[in-house]
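Q: What follows is a single structure, and I will ask about it in a moment.
In our numbering, the protein residues as written are 2 to 878.
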């Protein structure tokens, strides 16, 4: 359904005039040369820099130029509906477009328009592969128009990152973007900064990044000392605690709590009197050990890779390298799996995606599934969702769910359905939620003698991802995939000819390396064989660098040597052959009903189910989907199983399979409840994180101020005078109360440096304004003397740099300690609800006081260090 605008206007009506202007300008551009197109773009840049606000004429011409450049470079002309998507993105909204509608191409026009101001545009993707692919593929459009395209990859060093961030349009992953931001706020020299100021970003798979990953903050940490023994002892104790007797599990909230019997047994096993003791706490370790044993499972929530526990993203099915569960849970799982090398971590910097993307003046996003989370997008990110119509009419048929009594019946039915489809030739994509389930079904298909491809998060399968997904629409193709399937690769009916041609090219080159004598009908290998025969060294190069040499298949702007051209020509011949073959196969698959998508379990989020369904019926092709479920599936068991089983008993249903709209509606209702529960979690996280975000901005502003200051005198005086004001206030308060005043060693040392004795302080307690003036004068004189000494013996810039480093040292140290204290505070205030108090209000008030103490301690430490410490000077003589 197309979203309606005020007065009943559709999305087409909203942008009709702009679309007409784009189409009119396009007619003018067709006759222009490539250099003339580039000149038009440069003129737009000039006008955009002069305008105070977005000009509709510049907007229309920018979109028209992008469309024309797209035709000339990648041979794709943007449809009006794709331009419509670009206009939605430009207005800072989310464009929901079905799978296969060309979202990647849609982003190019708004990216170009928003880069005209001279400030970079970030196009955010979910992994390095997609960022690289889009930068090379879509980058051709931008480069033709004279724009510089940047690409950020995980293995890049800071110097490379800085160069790429300085370009007009930058393709980058969400993780790289956030971690570079955090690292930029830890540098001690402006030259080390890699990012520029934020302008506009387009987020691909926006629901995955802003919804699915919003519950977990991104953290930069360092290793810390860990009480390894406690994790292994807690793991042993967990083996002797029984469910429902010693502890209770809340599967909905993923929480575990000990019963009285459980607490007694824990005391006995650990030989401690109080597991809740602050001095020697055991309860966090025991609860994490129980969670690790009963709520987190290998090949479902994580995989074991060497000696590491690697998390599996529950929404995408991908492994999350370098990420860890917090609060000791990750270490508890390592102990359960008997991984001996456990490491702790201390947080140095952190931020959530929710707060990070608010730093941009304007953001937008693309996805195939956002409407179900529209409320959250609008409330948290102020991002409206616009559902765009498909270019071709949607022909996919979504059939009612089949619900089975038990899992054995379900898996047997799925295997039989695959066998039935295989015998007719119709391609099937089976979506599973876990690695474990994908392998169960794979083994079952082996017993049924059904050839198939398996794709899940295990490293050996990930390497084949693009190939497997690209050919999932071939005749007789049966593909089993976890939720990761299809990310960045379309499923084409009849198969993908480009991938087939590339694979055949690899096969032929491998044969030539082995010096096999063979020929392929219709393919000319004579020139390639002659080139290899004349230059034997090419055999060695080919053998060593086969994968590298094959990058010529996507040549882009590269200049090819003679041998590269021969490989490229070979690939071109194969591509022509496969295009003809896949076209014929595509028609045959369409006549069989198109791709058949089978879901094996309803996910907690309807979006994930819709993403799976969306693999079928792309661009007007036929297709169908159906979910095969059992009463033992987690969603049904936790949220709807009792209700469904009661209904079955009342209706005296004994059939092995159920096909009911009532049951499907019950599951939809359960999913909505779970989505609501997770939304509340994210909303609460966001609410609490807003407090930390305000504090983060204070600290980062202070760091930025120090970083941009070359002469530190004013900043040193500001901090020092603040310290003296508080010192005078303290003396006044203690004097009025009649308390004895005892000065700390640090204050005494500072006063000595200012040539002030303790007696002078005590003698002037009744004349504090006069004392304050005197302290100020001594402070200024002391620092001026210090500056004079440095300017005479070396260079005053040395003192400034030294003081700057002192500022950074203490700001970073106290911020790190503050993050640690905020974590403790969050845990402590979470119990306030039991005392009929609002935990958030308690947290907010305590956090403000905590920051105030942190800033004062930080300031005082800086002042003491600057005035008490000595920088050793080298005698120039």
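Here a beta-carbon is modelled for each residue, glycine too, at the ideal position from N, C-alpha and C. Note that the structure is a prediction, hence the values are computed from the model and not measured.
1. So, using beta-carbon positions, are residue 591 and residue 623 closer together than 7 Å?
2. At the level of alpha carbons, what is the spacing between residue 589 and residue 389?
3. Between 195, 178, 173 and 132, which has its C-alpha nearest residue 160's C-alpha?
4. Using the Cβ count rule (16 or more neighbours within 10 Å means buried), how would you classify residue 282?
5. Run through the DSSP bridge pairs and tell me what residue 348 is partnered with.
6. With H, G and I counted as helix, E and B as strand and the rest as coil, what does DSSP make of residue 149?
7. In this structure, how does DSSP classify residue 330 when only helix, strand and coil are distinguished?
8. Whose C-alpha, out of 853, 97 and 658, is nearest the C-alpha of residue 374?
9. Please identify the residue among 269, 297, 256 and 310 whose C-alpha is closest to the C-alpha of residue 285.
10. Where does the unbroken beta strand (DSSP E) through residue 430 begin, and where does it stop?
11. Determine the contact status of residue 84 and residue 23, defining contact as a CB-CB distance below 7 Å.
12. State yes or no: is the C-beta of residue 171 within less than 7 Å of the C-beta of residue 121?
13. Apart from the five residues on each side of it in sequence, which residues of its chain come closer than 6 Å, Cβ to Cβ, to residue 551?
14. Compare the beta carbon distance of residue 613 and residue 595 with 7 Å and say whether it is the shorter of the two.
15. Taking all protein chains shown into account, decide if residue 610 is buried (16 or more other Cβ within 10 angstroms of its Cβ) or exposed.
16. On the criterion of 16 or more Cβ atoms from any shown chain inside 10 Å, does residue 785 qualify as buried, or is it exposed?
17. Per DSSP, what kind of secondary structure is residue 71 in: helix, strand or coil?
18. Using three-state DSSP, classify residue 321 as helix, strand or coil.
19. Below 8 Å on the Cβ atoms is my contact criterion, and I expect residue 807 with residue 729 to pass it. Report the Cβ-Cβ distance as a whole number of Å.
20. Which class does residue 1 belong to by DSSP, given the choice of helix, strand or coil?
21. When you compare only the Cα positions, how much space is there between residue 857 and residue 816?
22. Rounded to the nearest angstrom, what separates residue 129 and residue 436 at their Cα positions?
23. Which two residues bound the contiguous beta strand (DSSP E) that contains residue 624?
24. Classify residue 405 as buried or exposed, calling it buried when 16 or more other Cβ atoms lie within 10 Å of its own Cβ.
25. What residue does the beta strand (DSSP E) around residue 367 start on, and which one ends it?
26. Leaving out the 5 sequence neighbours to the left and right, which residues in its chain are closer than 6 Å to residue 89 when beta-carbon positions are compared?
27. Can you have a look at residue 14 and say buried or exposed, based on whether 16 or more other CB atoms are within 10 angstroms of its CB?
28. Using 8 Å as the Cβ pair cut-off and three pairs as the minimum, do the stretch 841 to 852 and the stretch 818 to 831 touch?
29. Do residue 44 and residue 117 come within 7 Å of each other at the CB atom, strictly closer than that value?
30. Classify residue 531 as buried or exposed, calling it buried when 16 or more other Cβ atoms lie within 10 Å of its own Cβ.
31. Grab the span of the beta strand (DSSP E) containing residue 885 for me, first residue to last.
32. Rounded to a whole number of angstroms, what is the C-alpha to C-alpha distance between residue 72 and residue 480?
33. Under 7 Å, do residue 883 and residue 197 count as touching if we go by C-beta distance?
34. Let's test the definition: count the other Cβ atoms within 10 Å of the Cβ of residue 713 and tell me whether it reaches 16, buried, or not, exposed.
35. Looking at the strands, I want to know which residues DSSP matches up with residue 386.
36. Drop a sphere of 10 angstroms on the beta-carbon of residue 68, count the other beta-carbons inside from all chains shown, and report buried for 16 or more, exposed for fewer.
A: The relevant details are as follows:
1. Residue 591 sits at position 590 when you count from the first residue of the chain shown. Residue 623 sits at position 622 when you count from the first residue of the chain shown. Note that the C-beta distance between residue 591 and residue 623 is below 7 Å.
2. Reading the chain shown from its first residue, position 588 is the one you call residue 589. Reading the chain shown from its first residue, position 388 is the one you call residue 389. If you take the alpha carbons of residue 589 and residue 389, they lie about 30 Å apart.
3. In the chain shown, residue 160 corresponds to position 159, counting from 1. Selection 195, 178, 173 and 132 evaluated against residue 160 yields 195 as nearest (Cα-Cα).
4. To locate residue 282, count along the chain shown from 1; it is residue 281. By the neighbour-count criterion, in which a residue is buried when 16 or more other Cβ atoms sit within 10 angstroms of its Cβ, residue 282 is exposed.
5. For the purposes of this step, residue 348 is taken as residue 347 along the chain shown, with counting starting at 1. Residue 348 pairs with 222.
6. The residue given as residue 149 occupies position 148 in the chain shown. Here residue 149 sits in coil by DSSP.
7. Position 329 of the chain shown, counted from the first residue, corresponds to residue 330. Looking at residue 330 - three-state DSSP - the assignment turns out to be helix.
8. Locating residue 374 in the chain shown gives position 373, counting from the first residue. Taking only the C-alpha atoms, the option nearest residue 374 is 97.
9. One-based indexing of the chain shown puts residue 285 at position 284. Minimum Cα distance to residue 285 is reached at 256.
10. The sequence position of residue 430 within the chain shown is 429, counting from 1. First-last of the beta strand (DSSP E) with residue 430: 429 to 432.
11. Stepping through the chain shown from its first residue, residue 84 is reached at position 83. Stepping through the chain shown from its first residue, residue 23 is reached at position 22. Yes, these two residues count as a Cβ contact at 7 Å.
12. Taking the first residue of the chain shown as position 1, residue 171 is located at position 170. Taking the first residue of the chain shown as position 1, residue 121 is located at position 120. Between residue 171 and residue 121, the C-beta gap is smaller than 7 Å, which places the two residues in contact.
13. On the chain shown, position 550 is the one that residue 551 refers to. With a pLDDT of 46 at residue 551, under the threshold of 50, the modelled position of that residue is not reliable, and the figure given next carries that caveat. Closer than 6 Å at the Cβ level, and outside the excluded window around residue 551, lies no residue.
14. Within the chain shown, numbered from 1, the residue matching residue 613 stands at position 612. Within the chain shown, numbered from 1, the residue matching residue 595 stands at position 594. No, the Cβ-Cβ distance between residue 613 and residue 595 is not below 7 Å.
15. For the purposes of this step, residue 610 is identified with residue 609 of the chain shown, where counting begins at 1. Result: buried.
16. Within the chain shown, the letter at position 784 stands for residue 785. Classification for residue 785: exposed.
17. If you number the chain shown from 1, residue 71 lands on position 70. Note: residue 71 maps to helix in three-state DSSP.
18. Mapped onto the chain shown, residue 321 falls at position 320. DSSP places residue 321 in strand when its eight states are reduced to three.
19. Working through the chain shown from its first residue, we reach residue 807 at position 806. Working through the chain shown from its first residue, we reach residue 729 at position 728. No, residue 807 and residue 729 are not in contact; Cβ-Cβ is about 24 Å, not under 8 Å.
20. The requested residue 1 is not part of the displayed model; the chain covers only 2 to 878.
21. In the chain shown, residue 857 corresponds to position 856, counting from 1. In the chain shown, residue 816 corresponds to position 815, counting from 1. Their Cα atoms are separated by approximately 12 Å.
22. Position 128 of the chain shown holds residue 129. Position 435 of the chain shown holds residue 436. Going from the Cα of residue 129 to the Cα of residue 436 covers about 23 Å.
23. On the chain shown, position 623 is the one that residue 624 refers to. Per DSSP, residue 624 belongs to the beta strand (DSSP E) from 623 to 631.
24. Taking the first residue of the chain shown as 1, we reach residue 405 at position 404. With 16 or more other Cβ atoms within 10 Å, it is buried.
25. For the purposes of this step, residue 367 is taken as residue 366 along the chain shown, with counting starting at 1. Taken as a continuous stretch (DSSP letters only), the beta strand (DSSP E) holding residue 367 covers 363 to 368.
26. As a working mapping, residue 89 is identified with position 88 in the chain shown. Closer than 6 Å at Cβ, skipping near neighbours: 96 and 387.
27. As a position in the chain shown, residue 14 is number 13, starting the count at 1. Residue 14 should be labelled exposed.
28. yes
29. Counting from one through the chain shown, the residue named residue 117 turns up at place 116. Counting from one through the chain shown, the residue named residue 44 turns up at place 43. For residue 117 and residue 44, no; Cβs fall outside 7 Å.
30. Residue 531 sits at position 530 when you count from the first residue of the chain shown. Exposed is the call here.
31. With the chain running from 2 to 878 in the structure shown, residue 885 is simply not present.
32. As a first step, residue 72 must be located in the chain shown, where it is residue number 71. As a first step, residue 480 must be located in the chain shown, where it is residue number 479. Spanning the two alpha carbons is a distance of roughly 34 Å.
33. Past the edges of the chain, shown from 2 to 878, lies residue 883, and the structure says nothing about it.
34. To locate residue 713, count along the chain shown from 1; it is residue 712. It is buried - the Cβ of residue 713 has at least 16 other Cβ atoms within 10 Å.
35. Within the chain shown, numbered from 1, the residue matching residue 386 stands at position 385. According to DSSP, which records beta bridges pairwise, residue 386 is partnered with 95.
36. Within the chain shown, numbered from 1, the residue matching residue 68 stands at position 67. By the neighbour-count rule (16 or more Cβ atoms within 10 Å), residue 68 is buried.
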